[in-house]
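Sequential numbering of the sequence shown, starting at 842, is according to my numbering.
Positions of the beta carbon are idealized from the N, C-alpha and C atoms, including for glycine.
Treat the numbers as computed from the prediction; the structure is a model and nothing was measured.
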Amino acid sequence: MIKAVFLDFDGTISDSRDIAMRALIRTFEDFGYDVDEDKFVEVLGVQALKMFKMLGVSRNKIEEVRKKFHEYYIEAVIEGKISPCVSLKPLWKMKEEGMPLIVVSNSKNDFLLASIKTLGLEGLFNQVYGAEKFERKEEMLMILFKQMGILASEVIYVGDRFSDVETAKKAGCVAIAIHNKCSWSTLERVMEEKPDYVVKDFYGLRRVIEILNKKK
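What follows is the structure, given as structure tokens:
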């Protein structure tokens, strides 16, 4: 029996890939770094400090660069340059039915809350955990499972990146990849991590939950 659904946010709930890319390009141009969009695509979605280290930003500049990137990123959200990836009606229905919906994302908390406000999603999620709440996402998930008194096998984690599938598997829960026009990873890369299920939207997620609950 599935007792909770945990979700990534960027590329899963919100279509934010383009604004993230623009924010990263602006930031690198501001600091005089080379802009390599192919490399940016590879690393977008990981925690910011790790991302900038992977992009070759020197240790003594990482925090300054991160702050500027975050400033541009959240500015775009507040200006309304963000939209839902797909219909969120199934999530609202799940909420009405009593299914806990929890966001655990590599984005910072203020960005997530601003996005939720802009998208009109206040009240949808039981809890929202941004990057400052954890070092490793899978460890955060396991802590939350314990706090909620549920087994990992009773939890679904939904995300659009290959690393989301990795996270779910490390945490021991059901790994569902969502793939559509918003996704930050290619389907081929996601499939390399062998997700338990792949869906294109949250209607598909509801169907998977129905299938899993019938097995119990």
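Relative to residue 936, the option among 962, 1034 and 945 whose CA is nearest is 962. Assigned with DSSP and collapsed to three states, residue 847 falls in strand.
In this structure, the beta-carbon distance from residue 931 to residue 1048 does not fall below 7 Å. Residue 867 and residue 1052 have their C-alpha atoms some 45 Å from each other. Note on geometry: alpha-carbon atoms of residue 978 and residue 847 lie some 11 Å from one another. Following the DSSP letters along the chain, one finds residue 984 inside the alpha helix (DSSP H) bounded by residues 978 to 989.
For residue 932, no beta strand (DSSP E) segment is defined; the enclosing uninterrupted segment is the alpha helix (DSSP H) at 930 to 937.
Between residue 988 and residue 947, the C-beta spacing is not below 7 Å.
Out of 965, 873, 1045 and 1022, the CA that lies nearest to the CA of residue 940 is found in 965. Boundaries cannot be given for residue 876, as no alpha helix (DSSP H) includes it and DSSP labels it neither H nor E. In the structure shown, the three-state DSSP call for residue 923 is coil. Beta-bridge partners of residue 888 (DSSP): none assigned. When rounded, the separation of the alpha-carbon atoms in residue 1016 and residue 904 is 32 Å. Apart from the 5 residues on each side of it in sequence, residue 967 sits with its Cβ closer than 7 Å to the Cβ of 941, 942 and 943 in its chain, given in chain order.
In the three-state reduction of the DSSP assignment, residue 942 falls in the strand class.
Taking C-beta separations shorter than 6 Å and ignoring five residues to either side along the sequence, the partners of residue 917 in its chain run 860, following chain order.
In the three-state reduction of the DSSP assignment, residue 961 falls in the coil class, being assigned neither a helical nor a strand state. Under the three-state reduction of DSSP output, residue 854 falls in the coil class, being neither helix nor strand.
The count of Cβ pairs closer than 8 Å, one atom from the stretch 1007 to 1021 and one from the stretch 876 to 895, stays below three, leaving the stretches out of contact.
When the five nearest sequence neighbours on each side are left out, the beta carbons in the same chain lying within less than 6 Å of the beta carbon of residue 1000 are those of 849 and 853, in order along the chain.
Nearest to residue 1022 by C-alpha distance, out of 914, 928, 913 and 844, is 928.
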